[in-house]
Amino acid sequence: MTVLADGVRYLPCLRAEVKLATAAAIALSLVTPVTAQSLRLTTDASSSIGAAPPLQDPAPRRQQSKWRFRWEEHPSVRLGDWLRVDLRARFQGDVRRSEVPTGEPESRSVDIARRRVGIDGRFRGLLDFQVERELHDDNPWRDVYVDYRQFEGVQVRVGKFKLPFSLDENASATDLDFVYRSRVASVLAPGRDRGVMVHGRLLSRTIEYEVGVFDRDGDNARSKSGKRVFGGRTTVGRVRARPFRSSKSAIADVEVGAAFTSSDVPEGFPDLRGRTALDASFFPSNLWVSGPRRRAGLEARWRPGPFSVQSEYIRVTDERHGQSVEDTDLSAFLTEGWYASATWAVTGESKSRGLDVPRRPVQRGGFGAIELAARLEKLSFGSEGRAGLPSTSPRADFVLGNSDRAVTIGVNWYLNRWVKIQGNVIREQIGDPTRGPLPDRASFWSRVVRFQLTI
Amino acid sequence: MNHHRVVRVGLLLAALVGTDARSVGAQTTADLFDSQTLHEIRLFINSKDLQELRARYTENIYFPADLLWRTIRVRDVAVRVRGVASRSATKPGLEIDFNRYTPGQEFLGLHSLVLDNLLPDPALIREFLSMSLFARLGEPAPRESFCRLYINNVYQGVYAIVEAVDADFVARTLGECGGYLFEYKYVLAFYAEHLSDEVGIYRHLFEARTHQGESDEVLYSPIRDLFREVNQPDDGMWRDRVSQYIDLAQFVTHVAIEMFLAENDGVIGAAGMANFYLYRSAGQTVHRLLVWDKDTTFQQIDWPIFQRADENALFRRALAFEDLRALYLDVLERCARVAAEDDWLASEATRVASLIADAAHEDIWKPVSNNAYDEASEFVKTFARERSAYVLEEVARARGAR
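As they're listed, the protein sequences go chains A and B. Note that our numbering numbers the first sequence so that position 135 is 135, with each residue one more than the last. For any residue, its number in our numbering is found by taking its place in the second sequence, counting from 1, and adding 1000.
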């Protein structure tokens, strides 16, 4: 553990960050030739990608029935207009330092957080599909789905994918404004599961809806131990609106939304637990639940020019039927939280268009895109019942809860389309520090640097 | 009409508020430990927890419960099965912790309480009478009373409500705070020998009930030093060295009272030391004994006053000193006279036996039949009447022998 104020102990971390920057530079040098010419290759179905000769001009129309390989945003294989398959890969490495023990050995300065590969594409303009797999993970499959999209107003997605709940949770990992998602998104939003969803856009894309049924209530609510309980068959719905979409001003981007989930949780201790940004426990949720779990979420986002503001509120209630000392019902276990974040692209890029295409990318002699970000958030655990004395009893009606309030300040550096470096400083404050990771201190600092290479 | 309705509702609300544990004004621990009354305590435990408590009664697992005494309901208390030989799934002895789950919660100023299942005692009153004698002789002893215990409204039998030996008890009886309190845990037949220079081994025998966060060295080195010095050769300085670690006079007094009570499972027990607490004041190294769990007393009226006196290293060597031996005999004599004065012990035995008789007969979980219970009860009364004469005779003989 490194103490921020301790200059001597800060040095190892700096060394790790230098290593990371070096890795970034190497990756950058590998990527630059590709970006410089926007490689476009054509092959026949039997030839290998590397053996194909490059073409300077777009493929002529007569060749559309043949396999082609292109690399613009991603390496892509195409069969005329029938099929497009994009190859995807993402590698992330984190350097983490915290005043709270992280469970990682001091010597292990770089944590490879993700090594993910996959494909996505489209078939005949009717079916979108995606298959994504994490390398070296106990639960390797991420998004595996097909999406029937013939009608914009009614589309159907089947497979394993994120439940439509929470703006932050459903943002792509490559597009996050911070190294870690907000606490409410990480802990309270469901995450991925198997299911079927109907979704679409209505009223000239002013309204977007998603309604689905899933096997369970997502992998965020499940730990690997298997000793705790989570929601079964889950119904979910989400509606988002851009009420000023027709406006010509910046207000057109304003988006608001609401979502819900509903599922049943069997009797047991729930897997919704209080964890800090670096996964230290501050509320173990050692209490009995049984009955319906309901989530409700509100979200809002606005991205005027180089700025963005975003906020969410999520509330989860777990009923506790028959769980009192007299086998009667207890008040619901309540978990709720919110965040508000803001970003500013100092180098002037439009946030709504994305910063992954900097105005002045590094390989063209520029500095890339620089973005500053700040987030304020809170995640708290307790109960709806508030009569009497609060208690840690697993059958307390008034649960003695706890909370984590965090402030994150960050900087994002987009070197080009493929390489992104993020640095976050996080200050967390535990409501009842005696049950937090540092019992004698309410607040503590953590720092994270993430290097990300996306293909 | 409406005015009366408002008043009635107000009175009802006041009554409901008055039942809450935090707003108890009239009730005190004196009421709880009033031995003139057969109390009623109700515990409410979720049916699944109760099933698990009975299934895993050999483990010290805490379960949440509510406790109801008179009109006071204490919510979210922690309950676990207690005892060694008396552990039972059918009639579990229980320790109740009022603030384990709820910080700051107390019940009549108590942080914990013991509900003794009295299983080792077919008469069910030995524990109460023994503690009464200790207290009457000025030794700190837990206060006790009797209750009918109900769990989830099902009668569990007669239990003793026993004041826990904890920091509250030490403050009440010794007027001290911040001292080191250890519960002796029976894990081996221990006769006060020196087990090791390592302090860790004493941790298994003496469980810290205060200062649990402190190091073994701080907690246990005075205990290790006590038993090391006890077992040193007699070089003329033995008593001075041992007195640095234990109050020998108090130790001898404690054993004398146990001996009068014909205790078979105490400090000089049949299988080594058992059933006591060790206490030392903050900043001191001198320990003293505190009495605990006396439901195997009243073994026989002619229980010898030097029964197994040679087995325990500390007691044997303490009695080698004339003044300590004289003190031992004096305390025995005092026990006999206090017990016999106005037939106090016999009267108490008769009174409490009568108090619990009906409840005991209804107690289907007690270890013996109703006939055996009646016989055991009669024996205790007889012991209470006749033990003093025997002890006085033995004390006189012992003094004469010198």
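No residue lacks a Cβ here, since even glycine has one placed at the ideal position from N, Cα and C.
Cross-strand partners of residue i (DSSP beta bridge)
i: residue 290 (chain A); result: A:320
i: residue 1110 (chain B); result: B:1107
i: residue 402 (chain A); result: A:381
i: residue 224 (chain A); result: Its beta-bridge partners do not exist; DSSP assigns none.
i: residue 192 (chain A); result: A:162
i: residue 208 (chain A); result: A:201 and A:240
i: residue 1096 (chain B); result: B:1079 and B:1113
i: residue 373 (chain A); result: A:343 and A:410
i: residue 155 (chain A); result: A:199
i: residue 127 (chain A); result: A:123 and A:148
As assigned by DSSP and simplified to three states, the class of residue i
i: residue 396 (chain A); result: coil
i: residue 1335 (chain B); result: helix
i: residue 1381 (chain B); result: helix
i: residue 1138 (chain B); result: coil
i: residue 310 (chain A); result: strand
i: residue 74 (chain A); result: coil
i: residue 1258 (chain B); result: helix
i: residue 252 (chain A); result: helix
i: residue 1396 (chain B); result: helix
i: residue 1150 (chain B); result: strand
i: residue 1173 (chain B); result: helix
i: residue 120 (chain A); result: strand
i: residue 351 (chain A); result: coil
i: residue 1403 (chain B); result: In the structure as shown, chain B starts at 1001 and stops at 1402, and residue 1403 (chain B) therefore has no counterpart that could be examined.
i: residue 88 (chain A); result: strand
i: residue 455 (chain A); result: coil
Min CB distance residue i to chain B below 9 Å
i: residue 319 (chain A); result: no
i: residue 327 (chain A); result: yes
i: residue 388 (chain A); result: yes
i: residue 323 (chain A); result: yes
i: residue 440 (chain A); result: no
i: residue 400 (chain A); result: yes
i: residue 383 (chain A); result: no
i: residue 394 (chain A); result: yes
i: residue 397 (chain A); result: yes
Rounded C-alpha distance that separates residue i from residue j
i: residue 283 (chain A); j: residue 380 (chain A); result: 9 Å
i: residue 1213 (chain B); j: residue 1103 (chain B); result: 18 Å
i: residue 198 (chain A); j: residue 148 (chain A); result: 9 Å
i: residue 956 (chain B); j: residue 1329 (chain B); result: Any answer about residue 956 (chain B) is impossible in this case: the structure gives chain B only from 1001 up to 1402.
i: residue 1370 (chain B); j: residue 1361 (chain B); result: 6 Å
i: residue 1156 (chain B); j: residue 1366 (chain B); result: 9 Å
i: residue 1327 (chain B); j: residue 1241 (chain B); result: 20 Å
i: residue 334 (chain A); j: residue 1036 (chain B); result: 47 Å
i: residue 173 (chain A); j: residue 150 (chain A); result: 27 Å
i: residue 456 (chain A); j: residue 188 (chain A); result: Outside the displayed range of chain A (1 to 455) lies residue 456 (chain A), so it cannot be described from this structure.
i: residue 291 (chain A); j: residue 146 (chain A); result: 32 Å
i: residue 325 (chain A); j: residue 1051 (chain B); result: 12 Å
i: residue 1277 (chain B); j: residue 1287 (chain B); result: 10 Å
i: residue 1236 (chain B); j: residue 1321 (chain B); result: 11 Å
i: residue 1094 (chain B); j: residue 1060 (chain B); result: 10 Å
i: residue 343 (chain A); j: residue 307 (chain A); result: 6 Å
Cβ neighbour criterion (16 or more within 10 Å) applied to residue i
i: residue 1177 (chain B); result: exposed
i: residue 82 (chain A); result: exposed
i: residue 1254 (chain B); result: buried
i: residue 1175 (chain B); result: exposed
i: residue 1098 (chain B); result: buried
i: residue 1179 (chain B); result: buried
i: residue 1041 (chain B); result: buried
i: residue 221 (chain A); result: buried
i: residue 248 (chain A); result: exposed
Residue i at chain A interface by Cβ criterion, 9 Å
i: residue 1075 (chain B); result: yes
i: residue 1356 (chain B); result: no
i: residue 991 (chain B); result: In the structure as shown, chain B begins at 1001 and stops at 1402. Residue 991 (chain B) is therefore absent and cannot be evaluated.
i: residue 1112 (chain B); result: no
i: residue 1152 (chain B); result: yes
i: residue 1105 (chain B); result: yes
i: residue 1245 (chain B); result: no
i: residue 1339 (chain B); result: no
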